[in-house]
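Add 20 to the 1-based position in the sequence shown for the numbering used here, that's all there is to it. For each residue, glycine too, the CB sits at the ideal point set by N, CA and C.
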Amino acid sequence: MTDLPRRHQRAKGAPAVRHGRLPRRRAVSSVAKLLAGVVAVALVSTVSVAAYAVWDVTRSVQTGVKLVALPGHTALPQDIPNVGAIDGGVNLLLAGTDSRTGLGGIYQSSEEQDASSGAGNNDVTMLLHIAQDHKSMMVVSFPRDLMVEIPDCPSPDGQGTVYGSDYAQFNTALSRGGLACVVLTVEQLTGVQIPFAATVNFAGVSALSNAVGGVTVCLASPVVDEYTNPPLDLPAGDSTLVGDQALSFLRSRHGVGDGSDLGRISNQQVFLSALARKIVSGGVLANPVQLYALAKAVVSNVTPSESLRNPTTLVEIALAVKDTGLQNMVFLQYPTVGDPDNVNRVIPSYAADAVNEALVKDQPVKLTGSTGRAAEDPNATNTPAPTDTAPPADTSTGTPTTPPAPGAPTPTPTGAGTVELPDTVTGQTAAQQTCTKGND
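Structure (structure tokens):
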């Protein structure tokens, strides 16, 4: 992974994307809304509540004239569908674009539009992996500044091919070749096939945080960031984030950790784990109105792949983790080291091979490293190992991964198929109540 050729190529026919000079306008994390929505709808107390939400959301997004059954024609079914968990495992990619196009409001200014328009860049990218047995879940965040090989991709307009590059910044995949290009890049990087994907923008975080009545996060120190819109000035302690303030918290880079994109990833994981805990134990499960609002927020604020156009599919995927358990939901950053050619970029580390192998072999993982650059665990406890996991199926015919670098430690099995990842892999489980560290 670390020996990628240093040959740069401009993608032929790729649309130009303008960027502001200040990095503050490029930060984005509204991809959290779809992931959180998936977890939210998944953890329903009864299938009937989820089924009603899907039926009603599907009805609400239909347009046109209602057809009346004519003689000789069968009337359309009016019953609420019976929805259950999807069979087998799931790989779903979420690409968060930094584009301001069509958002209006605070993003209508010339400064915001100059920061990024059109397709935008995938400045936040997450891969949701649900195990075949539904007993574990992994969410892998890919740094925007990761240098990788981007393959040739079909042109978004269906006309021809957008040529790839041997060595390019990961977050340019979306602007080069659309969502399909992001999927192909992650498939090549990890070795897994990804049948589901969606692109999300800034607009949905406020709707989601409102739908659950706000998300309470722990701050180990004050978080101040004048570069977000609206600016952040949060005191140490617990803060309940709602609406645009939640969006600013997820977008913040200068206000958390060391001010880097890697720090921002661990800050996002603090938010996501807090949201998952609220959904499980904070009353959301017992409130059909909130569950319904979450389903509506998700459907209204994503551009899905064709495989995700049916809201029923989204809920079937969500229901796959209904009984997974917080301790078995692992959020981690794709492992990287500094790029020797550019101090502002990163490249995959040897530990990425361990993550890839666990994904390909569908194995639950245990984290042994830290919670990341912008998060700390005040309880200072080790990450709990996944529980009630069955041995993995025979994967001898699965896609091979890149062998570990010479001398690098290999992942250690920890029983019942669980893989203990190297301590250089950072992240946390949804069960860990972590706190964000401000950028003092």
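Compare the Cα-Cα distances from residue i to each of the options and report the closest residue.
i: ASP373; options: THR332, THR356, ASP172; result: THR356
i: LEU204; options: ALA231, SER175, VAL220; result: SER175
i: GLY345; options: LEU114, LEU295, LYS155; result: LYS155
i: LEU147; options: VAL206, GLY108, LYS342, ALA266; result: VAL206
i: VAL276; options: PHE291, VAL212, ALA105, THR181; result: PHE291
i: PRO324; options: ILE106, GLY108, LEU113; result: LEU113
i: VAL110; options: VAL375, ARG284, GLN213, ASP343; result: GLN213
i: ALA218; options: THR145, ALA256, LEU252, ASP343; result: THR145
i: VAL220; options: ASP143, ASN330, PRO250, ALA231; result: ASP143
i: VAL168; options: PRO255, ALA378, THR192, GLN179; result: THR192
i: ALA151; options: GLY108, GLN189, PRO255; result: GLY108
i: GLY180; options: ARG196, MET158, ALA188, GLN189; result: ARG196
i: PHE10; options: ASP153, PHE162, GLY140, GLY116; result: Only positions 21 to 460 of the chain appear in this structure, which leaves residue 10 out of reach.
i: ARG284; options: ASN321, PRO250, LEU339, VAL243; result: VAL243
i: PRO384; options: GLY437, GLY279, GLN353; result: GLY437
i: LEU339; options: ASN141, MET157, ALA115, GLY140; result: MET157
i: PRO215; options: GLN189, LEU328, ALA188, ASP153; result: LEU328
i: GLN189; options: LYS381, ASP253, VAL341, PRO368; result: PRO368
Which residues in the same chain have their Cβ closer than 6 Å to the Cβ of residue i, if we skip the five residues on either side of it in sequence?
i: GLY392; result: SER286, THR446
i: THR248; result: SER268, ARG271, SER272
i: GLY198; result: PRO176
i: CYS201; result: CYS173, ALA193
i: ILE337; result: ILE106, VAL110
i: THR210; result: ASN376, LEU379
i: ARG365; result: ASP165, MET167, ASP359
With DSSP as the reference, label residue i as helix, strand or coil.
i: SER268; result: helix
i: ARG273; result: coil
i: ALA395; result: strand
i: ASN376; result: helix
i: ALA338; result: helix
i: ALA193; result: helix
i: SER327; result: helix
i: LEU148; result: strand
i: LEU261; result: strand
i: THR181; result: strand
i: THR332; result: helix
i: GLN453; result: coil
Considering only residues of the same chain and omitting the five flanking positions on each side of residue i, which have a CB-CB separation below 7 Å?
i: GLU396; result: ALA240, THR454, CYS455, LYS457
i: PRO171; result: GLY184, LEU204, THR205, GLN208
i: ASN230; result: VAL262, GLY263
i: ALA296; result: VAL59, LEU346, MET349, ALA450
i: ASP443; result: THR388, GLY389
i: GLN289; result: PHE351, GLY392, ALA395, GLY447, GLN448
i: ASP408; result: Below a pLDDT of 50, predicted positions are generally treated as unreliable, and ASP408, at 40, falls in that range; no measurement from the model is reported.
i: ALA256; result: LEU239, ALA240, SER241, PRO242
With residue i as the anchor, note down where its alpha helix (DSSP H) starts and where it stops.
i: SER293; result: 281-301
The beta strand (DSSP E) spanning residue i covers which residue range?
i: GLN448; result: 447-449
i: TYR187; result: 185-189
i: GLU169; result: 167-170
i: THR323; result: 322-324
i: ASP278; result: Run containing ASP278: none; DSSP gives neither H nor E here.
i: ASN111; result: 110-117
i: SER161; result: 157-162
Go through its chain and collect everything with a Cβ distance to residue i's Cβ below 8 Å, but skip five positions before and after it.
i: ASP258; result: THR236, VAL237, CYS238, LEU239
i: LYS298; result: VAL232, VAL235, THR236, VAL304
Residue i: beta carbon under 7 Å from a heavy atom of the ligand NAD?
i: ILE150; result: This structure lacks the ligand NAD; in fact it carries no ligand of any kind.
Item to complete: At 4 residues or longer, and completely inside the segment 195-254: list those alpha helix (DSSP H) runs for me, N to C.
Response: 224-231
For this session: Entirely within the segment 348-374 and at least 3 residues each: give me those beta strand (DSSP E) ranges in chain order.
Result: 349-353, 356-359, 362-368
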